[in-house]
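**Student:** Mapped onto UniProt numbering, the consecutive letters of the sequence shown carry residue numbers 1 to 343.
Note that the Cβ used here is the ideal one computed from N, Cα and C, for glycine as well.
Model, not experiment: these values are computed from the prediction.
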Amino acid sequence: MIDMPEWQRCLDAQFGAPKPGQYRAQPEDFWVDEQLDFTPEAHGEHLWLRVEKRNQTTLDVVKTLSRLCGVTPRDIGYSGMKDRIAVTRQWLSVHLPGRDAPAELEQSLTALGITVVEQARHPRKLKRGVHRTNRFVLRLSGEAIEGDDFIGRWEALCQHGVPNYFGPQRFGPEGRNLQRAEALLNRGWRKRDDRQGMMLSTARSFLFNELLSARIADGTWSQPLAGDTLMLDGTQSVFGIDATDAALQGRAAELDVHPTGVLWGVGEAGEGDAGVYEARLLQHYPGLCSGLERSGVKQARRALRMRLLNPQLTWEPGAVLLSFALPRGSFATAVLGELILAS
């Protein structure tokens with residue numbers, strides 16, 4: 001069975017390992033607000049609700065809405081999964097064709113710790129992955145924020161970007177999701193065993209993190225290599241390069257483009273210097289790689305680096321507040337991993 005490794009941090013070479021620190025001592029220390037780049041159209045069969053929840057998962061809210069509105073969970077849409085130990089805001093949609101929501105819906109939700117911030121009708125169901133960013137406000141404390149290097153670490157991340165690791169929540173407690181994914185892929189993936197595709201996602205996330213860690217160790221994670229596929233900042237647009245030059249290196253330094261890593265699946269093998277890292281994955285984890293290909297999932301790309309959007313730092317007595325936004329699919333825990341050794 002594959003054991004969970006400790007992946008490389010980008011700031012260790014400059015500052016050494018981070019010092020111990022705490023975050024999420026209480027849900028209010030981890031605040032998340034999902035940001036769409038459009039608004040509901042105020043008419044249609046779907047009721048869209050922007051809700052604030054505390055100490056609940058997104059699926060907890062889906063189950064509650066399903067029960068209160070008399071619909072199936074399939075009739076409820078959401079864009080992203082939000083943390084449980086946190087205060088989070090996000091949109092959900094409920095399919096209510098030709099009828100209003102229950103009269104006491106807001107009051108019933110409030111009694112269960114879910115606040116409706118706003119609501120509107122829309123013609124279509126809210127689909128997965130349509131939000132643009134997540135805005136975070138995180139409160140940190142402990143030895144790490146008292147060190148002389150803390151501000152330097154934060155400024156380095158703001159200037160040069162952050163490794164775009166999948167967070168530990170993707171792999172489950174003690175990496176048990178990864179072990180489940182390995183076992184499933186070894187015996188042959190079947191949709192009935194993984195209806196939401198979580199095991200496929202876990203395996204691909206692990207391989208991506210392994211590739212990113214290797215490129216951090218080699219000092220190549222933030223600069224283009226021959227054979228790289230680059231992603232334009234703030235988009236999912238990608239283009240391949242046969243070789244690198246001063247112009248591309250300059251664009252990468254300005255965070256305009258980012259090298260990408262493979263999300264393993266059916267597709268062409270990487271080439272050039274960048275392709276060497278994919279070949280290593282196949283060499284070290286043949287079971288995961290071949291299992292993903294047999295499942296039929298298509299290869300995709302993910303940026304190795306993410307930019308902190310509108311970053312701000314505010315000091316409080318005994319704590320520091322960090323505020324920033326990240327593109328959808330990126331994890332705030334990747335930022336924290338460079339700043340503190342969580343305890």
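Would you please state the rounded distance, in angstroms, between the beta carbons of G36 and H95? I believe it to be under 8 Å.
**Tutor:** The sequence shown places Leu at residue 36, rather than the Gly named in the question. Taking 8 Å as the upper bound for CB-CB distance, L36 and H95 are not in contact here, some 19 Å apart.
**Student:** Assign L112 to one of two classes, buried (16 or more other C-beta atoms within 10 Å of its C-beta) or exposed (fewer than that).
**Tutor:** exposed
**Student:** Compare the Cα-Cα distances from D75 to each of V61, L59, I85 and S93 and report the closest residue.
**Tutor:** S93
**Student:** Would you mind reading off the limits of the beta strand (DSSP E) that contains P20?
**Tutor:** P20 to Y23
**Student:** Mind checking H284: buried by the 16 CB within 10 Å criterion, or exposed?
**Tutor:** exposed
**Student:** How close, in whole Å, do the beta carbons of L211 and Y165 come, if the pair is a contact with beta carbons under 8 Å?
**Tutor:** With a Cβ gap of about 11 Å, L211 and Y165 do not count as contacting.
**Student:** Hey, would you say N134 sits closer than 8 Å to A325, going by beta carbons?
**Tutor:** yes
**Student:** Using the Cα positions of L59 and T88, report the straight-line distance between them to the nearest angstrom.
**Tutor:** 13 Å
**Student:** Suppose you measure from the CA of M231 to the CA of S222; what does that come to, to the nearest Å?
**Tutor:** 12 Å
**Student:** Whole angstroms is fine: what's the gap from E338's alpha carbon to G329's?
**Tutor:** Roughly 18 Å separates the two Cα atoms.
**Student:** Just the Cα atoms here: how many angstroms apart are E254 and D233?
**Tutor:** 10 Å
**Student:** By Cβ distance below 6 Å, which residues in the same chain neighbour L282 in space, the five residues on each side in sequence not counted?
**Tutor:** C289
**Student:** Taking the DSSP output, what are the residues bridged to R124?
**Tutor:** Per the DSSP secondary-structure output, R124 pairs with nothing in a beta bridge.
**Student:** How would you label P102, buried or exposed, when you count the other beta carbons within 10 angstroms and need 16 or more for buried?
**Tutor:** exposed
**Student:** Mapping the DSSP letters down to three states, classify R139 as helix, strand or coil.
**Tutor:** strand
**Student:** Of all the beta strand (DSSP E) runs that stay within the bounds of the region 82 to 135, which reach a length of 3 or more residues?
**Tutor:** 87 to 95 and 114 to 122
**Student:** What does a CB cutoff of less than 8 Å around A144 pick up in its chain, not counting 5 residues either side in sequence?
**Tutor:** The answer, listed in chain order, is P18, K19, P20, G21, F150, L339, I340 and L341.
**Student:** For Q35, which beta-bridge partners are listed by DSSP?
**Tutor:** T133
**Student:** In terms of residue numbering, what span does the beta strand (DSSP E) encompassing A243 cover?
**Tutor:** Counting along the chain, A243 falls outside any beta strand (DSSP E), and DSSP gives it neither H nor E.
**Student:** In angstroms with no decimal places, state the Cα-to-Cα distance between V276 and P73.
**Tutor:** 44 Å
**Student:** Between E118 and R84, what straight-line distance do the alpha-carbon atoms span, to the nearest angstrom?
**Tutor:** 21 Å
**Student:** Count the other CB atoms within 10 Å of the CB of K298; is the residue buried (16 or more) or exposed (fewer)?
**Tutor:** So K298 ends up on the exposed side.
**Student:** Can T39 and I114 be called in contact, C-beta distance under 8 Å?
**Tutor:** no
**Student:** Figure out for me which residue from E28, K125 and R67 has the closest Cα to the Cα of E41.
**Tutor:** K125
**Student:** Taking just the CA atoms, how far does T220 sit from T260?
**Tutor:** 11 Å
**Student:** Assuming R294 contacts G142 under a Cβ cut-off of 8 Å, what Cβ separation, rounded to an integer in Å, is found between them?
**Tutor:** At roughly 45 Å, the Cβ-Cβ gap does not stay under 8 Å, so R294 and G142 are not in contact.
**Student:** Give the secondary structure of E52 by DSSP, where H, G and I count as helix, E and B as strand, and everything else as coil.
**Tutor:** strand
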